[in-house]
Structure formats: C-alpha cells, structure tokens
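Here's the structure we're looking at; comments come further down.
In my numbering, the protein residues as written are -9 to 124.
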C-alpha cells in the first residue's frame, strides 16, 4: 500500500509539471531524501517522513517481536535511534535503527524498527544521513 501511494504521489507531481524527487543511485547512496509527508503512528503521534532506500527486505519490530515486514525499495522512515547491534549484512555493521511502518502488518499496525544495515547511505556505526533522530 505504501509503495502504491508513493507512486500515485509521484505521478501527481509529474502531471503538474513539478520536479519529482526520484532518487538517483548517487542520491540513495547518500542516505534519505525528500518529504514523504505526515504519518500518524501508534497512539496518534504524527511524524514527518523521508524517503530512504532499503536494499534488503526484512522484518520491522520491537525487540524479539516482529510487528511487520518491509519490502526492499524506496520506502519512508520517520526517525532513527542508536540502540543494539543490527543483523550484519555483508561488511555492513551498525547499531542505528529506523522507525517505519511495514508493508505487511502483524501487530501494532506494522510499526516498528528496521536495521540501518539494510538501508543505503552512511557508514558503519553511524546514523543514516538525512533522517532525524527520534
């Protein structure tokens, strides 16, 4: 659903003649970009989201609880925190987690934390550039 809404938004921007914020590989490599709009999280809190490229799909969750699943691609995230170790991906190591809503929801509306090791941009043990801290 999230991906469909993002595509519809991009089509609307193109139809009006405005410049679309489509990432290039160089832009995605630098971290998060653009304005993905306001998102209402659990408990009614509102966040301003930004697009980031997650090159691997994976679970979204809280600790040992999987709350959703996020497909690989350009998705929105609302903020990030430094916490525990991420699952390693190749040479990528990190302890930053990004807050988002999964494409599939298991509980809590699919909201939860996604590992920075699966998101383009940044360096090991550093936040993903362009995304606010929570």
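All C-beta atoms, glycine included, are put in the ideal place defined by N, C-alpha and C.
1. State the Cα-Cα distance for the pair residue 24 and residue 31, rounded to the nearest angstrom.
2. Residue 73 to residue 27, Cα distance in whole Å?
3. Can you find at least 3 beta carbon pairs, one from the stretch 58 to 66 and one from the stretch 85 to 103, that sit closer than 8 Å?
4. Please classify residue 37: is it buried, with 16 or more other beta-carbons within 10 angstroms of its beta-carbon, or exposed?
5. Since residue 43 contacts residue 20 with CB under 8 Å, what's their CB separation in whole angstroms?
6. In whole angstroms, what separates the C-alpha of residue 71 from that of residue 96?
7. For residue 79 and residue 103, what's the separation of their Cα atoms in angstroms?
Let me spell this out:
1. About 19 Å.
2. So the alpha carbons of these two residues sit roughly 26 Å apart.
3. yes
4. buried
5. So it is not a contact: roughly 10 Å between Cβ atoms.
6. 22 Å
7. 16 Å
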